[in-house]
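Peer 1:
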Amino acid sequence: MTACHETLTGTRVGSVLLVGNPNVGKSTLFNGLTGARQTVMNAPGTTVELHVGTWRDVDASVTDLPGTYSLVARTPDEQVVSDALRSAPDAVAVVLLDATALSRSLYLLAQVGTDRPVVAVVTMLDVAATRGAVVDVARLADLLDIPVVAADPRDGDRSGALAEALTQARPLQGLPHCPPEPLEAAERLFGWVEAMIAAMGATAPVRRTRSDAVDRVLLNPWFGGPVFLASMWLLFQLTTTVATPVTGLVSRWVATLAEAARGVLQPAGPWVEGLVVDGVLVGVGTVVTFLPLLAIVYLALALLEDSGYLARAGFLADRWMRTLGLDGRAMLPLVIGFGCNVPAIAATQTLPSARQRVLTGLLVPWTTCAARLPVYILLAGIFFPERAGTAIFAMYLLSLVLVAGGGLVLRRTVFRDVQREPLLLILPAYQRPRLRPLLLSVWARVRGFAIKAGRIIVATLTVMWLLMAVPVDGGEVGGPVESSLYGAAAQAVAPVFAPAGFGDWHMSAALATGFVAKEVVVGSLAQSYAVQDAAQASASGELGDQIHATLTRTSGGAPAAAALALMVFVLGYTPCLATVSEQWRRFGARWTLGGIGMQLAVAWLLAVVVFQVGAFLARLL
Amino acid sequence: MHLGECRLDQDVVVVTVDLPPESRLRMWEIGVHAGAVVRVTHRGPAGGRVVAVGGARLALDAATATNVQVEDTR
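Shown next as structure tokens:
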């Protein structure tokens, strides 16, 4: 029935390949067949995501391939589909046909089913009916002479019918011979498609639908923009106002657990206690703290996608994003980034091409997330008490400039191959999202983050703890930071920041900690200055005085310029370890490390320029 | 005339698609080719158009819409 083989992944994956146009219901069918027994992985050598799962009823592995309109690949995603099919010639391809766009779907079926066993699954029958296009599935099966299953994967379990159909899978017969030239081949295949459509009598006049009526408002040049901005605002609120209390609650649970563990492990000595609690447990806690936020954002994205609005959002934002050479849908991750960069990297999944996903993923760290705000507030409060709001607002403006400027520069350099292509975007009909497939998809993605990004976070935090714990002066484990290997490294690095006016080990240590999470920068400063209660660290207190004194010394009498440069550096450099882990998971080591290098270089250069210009002006005034 | 000049809900036949070969192929693949009957259903912001191609709806930016030459079905 189904074949087992080595696929392009080099492992025993996929005897059933799901193929279809974007938004045809492949992932929903995949979730229905495999349930929670699925993993998310990148196709080898690419940043294209593949979902692989086990379909227990027929003892087969199922691969959910990216959506495509054709096997003549134009994007890395489409190339993955093409390669996956070529590398598994005996695998059964289950091709999903969109009843609302049967011509387009049959064209893909003709390409896939030339020389391999295929089964067709017709979806969107209900939507097609509302549009006046009735598809006779039995007649279609007769004409194609392959098994055809009528199934809306969004409704009920049709796995039994599909399992039965798999036993009858066979290649298509009667296809025209296609020349190698793609346009000529397309013309011939469409001749075959049109003959099929004519034989079915499936052509129907275009009819106004409920989705068309909704689009009258949502795509209206006057109302569409405000509705789009409101939906983006809502998304931003989800990542901040809604997620913050949940994240805080989980964070407190983790802290309570850590304290309990500390009590239990104390007799084992400072090394064991520190390694387990401050290394491993804090690392696991960091991962767990992100899970509710990610779940909320994944759910929101799935809702937007499943409802059909995501494609409209891409259409509405296309003009703005086109100036940066990005797809309109890139607006979504960039908006989320202002709440938190981690789910923003995850949200790049909504972009149709892998190169666009990487490009957007490299720009996301320059959207100034909420975790950077306490650093701005502290420094602006100390150095610009009368104009703190303006200084913070300037950071948000600079963030927009960095995203736009970075996008333009990257598009003209390493992403020259990302062409400004015409916008050809299929708008799926609006649909009521279904809870079970949504939750399964959220679960698979959250689990993927916890396992893959979690490993990197826990390992890095454990190494950081070791650096902080190892004394360089023969002192005790867990002594003052400046006496540790970490403190020594911070002192060694500090001169690098001298041209930016903040060449001091307190600052470099806090910035290194900020690489792990920006939330801890203020706490790290308080710790290094031995301010007793980090929670009380404020501009007007002891910490404010000490930072002011330090920057006055390191800047040669222009502390405000140095503070502004420090704020700019905090905005521009790597946001946090969790973001890096998510980038690594999705885009691989090369892009992640390249991105870190780019962010550090840009942040340092900008900080130096800001300080030098600021100090010069301060001397003039 | 081109798609950007069509009235809303007017059935038109595609005459030519003046785009680079790769984009023209993609237009073929999603159903916009010489002889296909299409209909502009919405005008979007910045001159974009939503076109009904059979039962499907296709969003095009303004520049692409002007590159699709059409004529009235009557």
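Going line by line, the protein sequences match chains A and B. All you need for our numbering is the position in the first sequence, starting with 1, plus 5. All you need for our numbering is the position in the second sequence, starting with 1, plus 1398. Glycine is no exception: its CB is placed at the ideal position from the N, C-alpha and C atoms.
#1: Less than 6 Å between C-beta atoms, sequence neighbours within five positions excluded: which residues of the same chain meet that for A620 (chain A)?
#2: Per DSSP, which residues does D1470 (chain B) bridge with? Please list them.
#3: Counting pairs of beta carbons, one from the region 352-370 of chain A and one from the region 320-338 of chain A, are three or more of them closer than 8 Å?
#4: Excluding five sequence neighbours on each side, which residues of the same chain lie with their C-beta closer than 6 Å to the C-beta of V154 (chain A)?
#5: Could you give the C-beta distance for C374 (chain A) and G410 (chain A), rounded to a whole number, given that I count them as a contact under 8 Å?
#6: Tell me whether V293 (chain A) counts as near the ligand NAP, meaning its Cβ is closer than 6 Å to at least one heavy atom of that ligand.
#7: Would you mind working out which of A:D422, A:S20 and A:T294 sits nearest T59 (chain A), comparing C-alpha positions?
#8: When the Cα of V1413 (chain B) is compared with those of B:H1440, B:W1426 and B:R1405, which residue comes out closest?
#9: According to DSSP, is L102 (chain A) part of a helix, a strand, or is it coil?
#10: By the three-class DSSP mapping on this structure, what secondary structure does L70 (chain A) have?
#11: At a Cβ cut of 8 Å, what residues of the region 172-202 of chain A count as close to chain B, listed as they run along the chain?
#12: Does any C-beta atom of chain B lie closer than 7 Å to the C-beta of F320 (chain A)?
#13: By how many angstroms is the C-alpha of L445 (chain A) removed from the C-alpha of V63 (chain A)?
#14: Beta carbon of V1449 (chain B), beta carbon of L1456 (chain B): below 7 Å?
#15: How many angstroms separate the CA atom of V607 (chain A) from the CA atom of L516 (chain A)?
#16: Counting only the same chain and skipping the five closest in sequence on each side, list residues whose C-beta sits under 7 Å from that of A305 (chain A).
#17: Specify the secondary structure class of E492 (chain A) as computed by DSSP and reduced to three states.
#18: Do we get a CB-CB distance below 7 Å when we pair G25 (chain A) with the residues of chain B?
#19: Are the CB atoms of F592 (chain A) and G366 (chain A) nearer to each other than 7 Å?
#20: For A156 (chain A), name the three-state secondary structure that DSSP assigns.
#21: Rounded to the nearest angstrom, what separates V139 (chain A) and L145 (chain A) at their Cα positions?
#22: Out of curiosity, what's the CA-to-CA distance linking V1410 (chain B) and R193 (chain A)?
#23: Does T1414 (chain B) come within less than 7 Å of chain A when only Cβ atoms are used?
#24: I need the straight-line Cα distance from T261 (chain A) to V285 (chain A), nearest angstrom please.
#25: Does A1479 (chain B) come out as helix, strand or coil in the three-state DSSP assignment?
#26: Quick check on this structure: which residue in A:D509, A:D220, A:Y112 and A:L309 has the alpha carbon closest to the alpha carbon of V77 (chain A)?
#27: What are the boundary residues of the beta strand (DSSP E) that A125 (chain A) is part of?
#28: Quick check: what's the CA-CA separation for A266 (chain A) versus A503 (chain A)?
#29: Would you say R441 (chain A) lies against chain B (beta-carbon separation less than 7 Å)?
#30: Name, please, each residue of chain B whose Cβ falls closer than 9 Å to the Cβ of L130 (chain A).
#31: Taking DSSP as the reference, what is the three-state secondary structure of A174 (chain A)?
#32: Does DSSP put R360 (chain A) in a helix, a strand or coil?
#33: What does E1403 (chain B) reach in chain A if we use C-beta pairs closer than 8 Å?
#34: Contact criterion: CB-CB distance below 7 Å. Does L1456 (chain B) meet it with respect to chain A?
#35: Quick check on T1464 (chain B) - is its C-beta less than 7 Å from some C-beta in chain A?
#36: Output the distance between the C-alpha atoms of L368 (chain A) and G412 (chain A), rounded to the nearest integer angstrom.
Peer 2: The answer reads as follows:
#1: Here the set comprises A563 and A566.
#2: DSSP output for D1470 (chain B) lists B:V1410 as bridge partner(s).
#3: Judged by Cβ distances under 8 Å, the region 352-370 of chain A makes contact with the region 320-338 of chain A, as three or more pairs qualify.
#4: Within the same chain, Cβ atoms closer than 6 Å to the Cβ of V154 (chain A) are found at V126, A166, L167 and A170, the five residues on either side in sequence being excluded.
#5: Approximately 19 Å separates the beta-carbon atoms of C374 (chain A) and G410 (chain A); this is outside 8 Å, ruling out the contact.
#6: The ligand NAP is not part of this structure, which contains no ligands at all.
#7: In terms of CA proximity to T59 (chain A), A:S20 leads the group A:D422, A:S20 and A:T294.
#8: The residue with the shortest Cα to Cα distance from V1413 (chain B) is B:W1426.
#9: For L102 (chain A), the secondary structure class from DSSP, reduced to helix, strand or coil, is strand.
#10: Coil.
#11: Within the region 172-202 of chain A, the residues whose Cβ lies closer than 8 Å to some Cβ of chain B are P187, L188, A191, E192 and F195, listed in chain order.
#12: Yes, because at least one Cβ of chain B sits closer than 7 Å to the Cβ of F320 (chain A).
#13: Rounded to the nearest angstrom, the gap between the Cα atoms of V63 (chain A) and L445 (chain A) is 20 Å.
#14: Going by C-beta atoms, V1449 (chain B) is nearer than 7 Å to L1456 (chain B).
#15: Roughly 15 Å separates the two Cα atoms.
#16: The answer, listed in chain order, is L240 and L243.
#17: Note that residue 492 (chain A) corresponds to Gly in the displayed sequence, not to Glu. Of the three classes helix, strand and coil, the one that applies to G492 (chain A) here is helix, per DSSP.
#18: It does not: the Cβ of G25 (chain A) has no partner Cβ on chain B nearer than 7 Å.
#19: In contact: F592 (chain A) and G366 (chain A) (Cβ atoms closer than 7 Å).
#20: Note: A156 (chain A) maps to coil in three-state DSSP.
#21: Looking at the two C-alpha atoms, the distance is approximately 12 Å.
#22: For V1410 (chain B) and R193 (chain A), the gap between their C-alpha atoms comes out near 23 Å.
#23: Interface flag for T1414 (chain B) against chain A is unset, since no Cβ pair is found closer than 7 Å.
#24: Whole-angstrom Cα-Cα distance: 15 Å.
#25: With chain B covering only 1399 through 1472, there is no way to say anything about residue 1479 (chain B).
#26: Per the Cα distances, A:Y112.
#27: According to the DSSP assignment, A125 (chain A) belongs to the beta strand (DSSP E) that extends over V123 to T128.
#28: Going from the Cα of A266 (chain A) to the Cα of A503 (chain A) covers about 41 Å.
#29: Residue contact with chain B for R441 (chain A): absent (no Cβ-Cβ distance below 7 Å to any residue of chain B).
#30: Within chain B, no residue has its CB atom less than 9 Å from the CB of L130 (chain A), the nearest being about 11 Å off.
#31: DSSP places A174 (chain A) in coil when its eight states are reduced to three.
#32: Correct three-state label for R360 (chain A): helix.
#33: Within chain A, no residue has its beta carbon less than 8 Å from that of E1403 (chain B); the closest one is some 17 Å off.
#34: Answer yes: the Cβ-Cβ gap between L1456 (chain B) and chain A drops below 7 Å somewhere.
#35: Chain A contact via Cβ: absent.
#36: Rounded to the nearest whole angstrom, the CA to CA distance from L368 (chain A) to G412 (chain A) is 7 Å.
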